[in-house]
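Undergrad:
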């Protein structure tokens with residue numbers, strides 16, 4: 019067990035220093051490596067396999083709603099970017115500029131896409147003529163660059179991978195419906211595939227996306243009580259349509275502007291998964307998206323029959339994603355590694371088990387050990403994986419609920435944020451001044467105006483004026 | 019049929035103007051749209067669905083050989099790029115430079131990756147210590163930028179999508195084996211999935227990749243007799259290992275440099291597919307990678323029972339990728355559209371067919387019409403799709419063979435290229451001067467030194483000196 023202890027000792031305890039624990043997990047579980055450019059990371063095989071799983075689940079959900087994938091150019095001419103004022107103001111301070119191609123200076127600067135509303139709008143302008151061409155439900159998987167000052171793996175980086183959906187519609191109602199539909203897709207994906215509960219709501223004007231008429235968000239709560247914006251869906255109204263002249267001839271033969279949406283989810287959800295499910299032994303990956311679901315670890319693997327039995331068991335489990343760790347490391351080291359990597363189930367098989375034709379299954383999430391007859395192994399794994407998935411969700415939900423507070427008045431609001439970290443539900447008058455003051459005083463931001471409203475009090479927690487909206491407040495990543 | 023004629027009339031005949039025909043197919047089959055930046059294209063849903071199919075087939079083939087996917091940064095610091103001299107000299111004239119991030123000038127220019135040997139090398143340097151860490155078999159799917167002067171959709175663009183595999187090994191033999199193995203993967207993929215035959219061979223030193231010790235290629239022959247380099251695999255020896263200091267402790271406890279390979283395939287293979295299989299009615303997509311394999315077109319769809327039967331047939335065919343074209347266009351227009359889009363099978367169903375409980379199946383590749391009892395539809399489609407796949411390959415192979423010539427002497431060589439376009443097999447002395455002279459005189463390049471050597475003559479087709487190598491020459495895209 020010396021090896022195991024050594025490996026485990028390398029991670030900082032999450033209770034001691036959550037930030038360092040997070041970084042340790044990212045590197046020790048071999049998800050990423052740092053590159054030579056600040057904020058640009060190398061996503062290693064274990065990290066990229068997670069992204070592939072996320073992509074495949076999300077992509078299937080998108081396609082089920084009629085979305086088609088496309089690819090837009092990496093670079094955006096400055097003049098094109100500048101057509102929509104708010105978007106430019108939002109992004110200009112943080113884009114990377116290409117100024118030379120080959121050995122020649124460019125006559126116009128090109129920015130590396132920070133997001134592609136401008137490109138999609140410019141494309142739709144020529145692609146759409148009639149109501150028959152609508153809706154257009156396009157999405158792309160790509161990387162984007164935003165020159166952030168502070169960076170952390172997955173959570174905030176200068177380059178990140180994401181998908182960005184961009185749709186246009188003939189009517190306002192249809193576009194609004196699509197905006198909410200895609201937020202539901204995100205929330206369902208996080209709940210069902212990633213075992214992460216979220217709160218659905220609308221962003222305040224202060225927090226909404228540059229250029230959007232309204233932004234909807236799902237907010238998740240991390241283990242340390244801080245919030246993570248995990249997916250957003252934007253309703254643009256006709257702003258981009260007017261700026262980029264995207265018109266169509268409607269059924270009534272009149273020329274009209276289209277109604278537009280966009281929605282995105284990023285590699286950030288890997289960060290959410292780490293911080294919602296991880297523990298002091300490393301990652302805990304929900305079975306549905308785990309690249310490896312079962313790791314079979316032979317004990318005393320040189321003893322006759324052990325390795326053969328391990329391979330035979332892998333064969334029995336071929337309906338699952340299984341690997342046999344037959345390297346020459348010690349079992350203890352292998353256990354620690356499997357735990358660090360968050361593989362949902364470990365199956366131990368040694369000479370003593372062989373005699374009994376049984377093995378020991380260990381759950382990564384609870385450490386529960388289950389002795390299992392090898393003849394029943396496939397059934398047991400088929401039963402355990404969905405149970406783990408459900409238990410992980412339930413625990414995350416219980417944690418979120420236990421860390422969601424409410425404050426009827428200023429005093430309680432202040433006290434709660436002094437003593438706790440989590441969501442605080444409180445009433446708000448709707449003014450940006452109060453939002454700014456709350457941020458200044460308590461270091462928290464409005465996370466969202468949740469769909470599920472409750473009337474906690476009559477007055478704004480900040481100014482005391484009448485209030486009708488309940489807001490989730492919190493410290494965010 | 020007026021509609022159909024109109025749509026078809028929009029494509030230039032391939033015999034009249036092959037270049038214009040190609041461009042017409044790219045745009046009329048809705049594969050791409052041009053963007054505002056020269057050489058950057060929008061890949062539309064029909065084009066991107068092809069790329070997704072190609073990715074999924076290739077990726078499965080890679081993974082079956084143990085390859086893992088990763089993601090490296092988009093940007094490369096100039097100093098890192100400059101570490102390996104030949105690579106820089108090869109790429110420096112054609113990279114895009116980022117010089118500002120947000121509102122600040124960067125202290126060092128960053129180039130948008132034209133390829134990622136430098137990034138992988140720099141990463142491997144810190145990631146690999148012992149022979150136990152080897153081999154590393156990594157691949158990434160991404161976009162790259164090369165500031166090309168002349169551009170054409172899919173064939174040569176300033177940004178393109180590709181995969182780049184980068185592996186490192188403990189021994190020279192293993193790296194060489196991997197180089198050839200991946201060339202085989204490419205050739206098998208093109209032959210079996212894309213129905214495109216190729217010639218496998220090694221590039222001459224003049225034509226090899228900047229920085230490679232040797233480059234292997236698969237060369238395909240387009241309908242117009244011009245060659246297209248369709249995939250390449252490079253053996254780097256220890257060049258990058260030395261430049262980037264990638265060492266490992268071997269079993270004998272000595273510090274050694276690793277041996278390295280890289281290999282890539284791009285969206286260019288979509289261009290190959292268009293130019294190998296397309297005809298004057300548009301695209302012809304091989305069934306294995308066709309996003310839609312069967313298009314059911316109802317005739318007089320407002321007549322009772324027609325549309326219901328069409329949906330019922332789609333249900334019968336649910337094991338295939340099927341769509342019902344139930345739009346309000348005329349059948350003739352729908353036929354033309356299905357043909358333009360290259361969907362392998364069309365199934366026509368009208369009121370008269372209903373009475374007989376039969377339908378008409380039309381092969382896109384041969385226009386053959388087959389009357390089929392609806393009860394036998396699924397069997398018939400299951401039989402036709404692989405037959406089309408095989409026939410498409412056989413025709414492409416016959417075309418390549420019919421356009422492969424050989425030249426024993428200078429006179430025949432000259433005459434062949436004056437009169438024909440295709441591959442010309444001829445002997446070569448091995449000197450770069452002869453290659454350059456041949457290019458100057460006949461406008462052709464050495465495509466490869468094929469694996470399958472024949473002794474056509476004793477002397478070089480250019481200088482008359484003794485020759486031992488047979489080379490495929492041709493005009494290339």
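Residue numbers (our numbering), protein chains in the order written: chain S, 19 to 495; chain Z, 19 to 495. Virtual Cβ for every residue (Gly too), placed ideally from N, Cα, C.
(1) Could you check where the beta strand (DSSP E) with residue 304 (chain S) kicks off and where it finishes?
(2) Taking just the CA atoms, how far does residue 460 (chain Z) sit from residue 432 (chain Z)?
(3) Could you name the residues of chain Z that residue 232 (chain S) contacts, counting a contact when the two beta carbons are closer than 9 angstroms?
(4) Name, going along the chain, the residues of the stretch 107 to 119 of chain S whose beta-carbon falls closer than 9 angstroms to a beta-carbon of chain Z.
(5) Would you mind stating whether residue 235 (chain S) and residue 255 (chain S) have Cβ atoms separated by less than 8 angstroms?
(6) Name, going along the chain, the residues of the stretch 80 to 98 of chain Z whose beta-carbon falls closer than 8 angstroms to a beta-carbon of chain S.
(7) Opposite residue 466 (chain Z) in the DSSP bridges: which residues?
(8) Looking at C-alpha atoms only, which residue of S:305, S:314 and S:417 is the closest neighbour of residue 71 (chain S)?
(9) Spatial neighbours of residue 484 (chain Z) within its chain, please: CB distance less than 8 angstroms, with the 5 preceding and 5 following residues excluded, ordered by chain position.
(10) So what does residue 32 (chain S) bridge to, in DSSP terms?
(11) Taking only three categories from DSSP, how would you classify residue 387 (chain Z)?
(12) CA-CA distance, residue 307 (chain S) and residue 360 (chain S)?
(13) Helix or strand or just coil, what does DSSP make of residue 274 (chain S)?
(14) Out of Z:191, Z:238, Z:111 and Z:136, which one is the CA nearest neighbour of residue 206 (chain Z)?
(15) Tell me the residue span of the alpha helix (DSSP H) that contains residue 122 (chain S).
(16) Got a sec? Which residues, its chain only, sit under 6 angstroms from residue 186 (chain Z) by beta carbon, not counting five neighbours each side?
(17) Tell me the residue span of the alpha helix (DSSP H) that contains residue 15 (chain S).
(18) On a Cα-Cα basis, can you pick out the residue from Z:381, Z:406 and Z:374 that is closest to residue 391 (chain Z)?
(19) Could you please give the first and the last residue of the uninterrupted beta strand (DSSP E) stretch that includes residue 341 (chain S)?
(20) Given 8 angstroms as the limit, is there contact between the stretch 76 to 96 of chain S and the stretch 129 to 142 of chain S, that is, 3 or more CB pairs closer than that?
(21) Reducing DSSP to helix, strand and coil, say where residue 405 (chain Z) ends up.
(22) So, using beta-carbon positions, are residue 344 (chain Z) and residue 325 (chain Z) closer together than 8 angstroms?
(23) Does residue 419 (chain S) pass the burial test, meaning 16 or more other C-beta atoms within 10 Å, or should it be called exposed?
(24) Thinking residue 47 (chain S) and residue 60 (chain S) are a contact (beta carbons under 8 angstroms), I'd like their distance in whole angstroms, please.
(25) Out of Z:128, Z:232 and Z:458, point me to the one whose CA is closest to residue 193 (chain Z)'s CA.
(26) Do we get a CB-CB distance below 8 angstroms when we pair residue 75 (chain S) with the residues of chain Z?
(27) Label residue 453 (chain S) either buried or exposed according to how many other C-beta atoms from any shown protein chain fall within 10 Å of its C-beta, with 16 as the threshold for buried.
(28) Find out if the Cβ-Cβ distance for the pair residue 158 (chain S), residue 271 (chain S) is shorter than 8 angstroms.
(29) Consider the Cβ of residue 281 (chain S): report whether some Cβ of chain Z lies at a distance smaller than 8 angstroms.
(30) Do you know how far the Cα of residue 102 (chain S) is from the Cα of residue 346 (chain S)?
(31) In angstroms with no decimal places, state the Cα-to-Cα distance between residue 352 (chain Z) and residue 315 (chain Z).
(32) Between the Cα of residue 323 (chain S) and those of S:371, S:403 and S:299, spot the shortest distance and give me the residue it belongs to.
(33) Looking at the unbroken beta strand (DSSP E) that takes in residue 107 (chain Z), where does it start and where does it end?
(34) How is residue 257 (chain Z) classed by DSSP in three states: helix, strand or coil?
(35) Using a Cβ cut-off of 8 angstroms (strictly closer), state whether residue 54 (chain Z) contacts chain S.
(36) Alpha carbon to alpha carbon, how far is residue 197 (chain Z) from residue 467 (chain Z)?
TA: In brief:
(1) Careful: residue 304 (chain S) lies outside any beta strand (DSSP E) and carries neither H nor E.
(2) 7 angstroms
(3) Result: empty, since nearest Cβ-Cβ is about 27 angstroms, beyond 9 angstroms.
(4) Answer set for the stretch 107 to 119 of chain S: 110, 111, 112, 113, 114, 115, 116, 117, 118 and 119.
(5) no
(6) 86, 87, 88, 89, 90, 91, 92, 93, 95 and 98
(7) Z:490
(8) S:305
(9) Close CB contacts of residue 484 (chain Z) within its chain, under the 8 angstroms cut and outside five residues either way in sequence, are with 447, 476, 477 and 478 (chain order).
(10) Looking at the DSSP assignment, residue 32 (chain S) forms no beta bridge with any residue, so it has no partner.
(11) strand
(12) 11 angstroms
(13) strand
(14) Z:238
(15) Premise fails: residue 122 (chain S) lies in the beta strand (DSSP E), 122 to 130, not in any alpha helix (DSSP H).
(16) 142, 154, 276 and 278
(17) A question about residue 15 (chain S) goes unanswered here, because the residues of chain S that appear run from 19 up to 495.
(18) Z:374
(19) Counting along the chain, the beta strand (DSSP E) containing residue 341 (chain S) begins and ends at 340 to 342.
(20) With a cut-off of 8 angstroms on Cβ pairs, the stretch 76 to 96 of chain S is in contact with the stretch 129 to 142 of chain S, counting three or more such pairs.
(21) Three-state result, residue 405 (chain Z): helix.
(22) Yes, Cβ-Cβ distance for residue 344 (chain Z) and residue 325 (chain Z) is below 8 angstroms.
(23) exposed
(24) About 14 angstroms; that fails the 8 angstroms criterion.
(25) Z:232
(26) no
(27) buried
(28) no
(29) Under the Cβ distance rule, residue 281 (chain S) does not count among the residues neighbouring chain Z, no pair being separated by less than 8 angstroms.
(30) Taken atom to atom, the span from the alpha-carbon of residue 346 (chain S) to that of residue 102 (chain S) is near 60 angstroms.
(31) 7 angstroms
(32) S:371
(33) Careful: residue 107 (chain Z) lies outside any beta strand (DSSP E), inside the alpha helix (DSSP H) at 103 to 109.
(34) helix
(35) yes
(36) 16 angstroms
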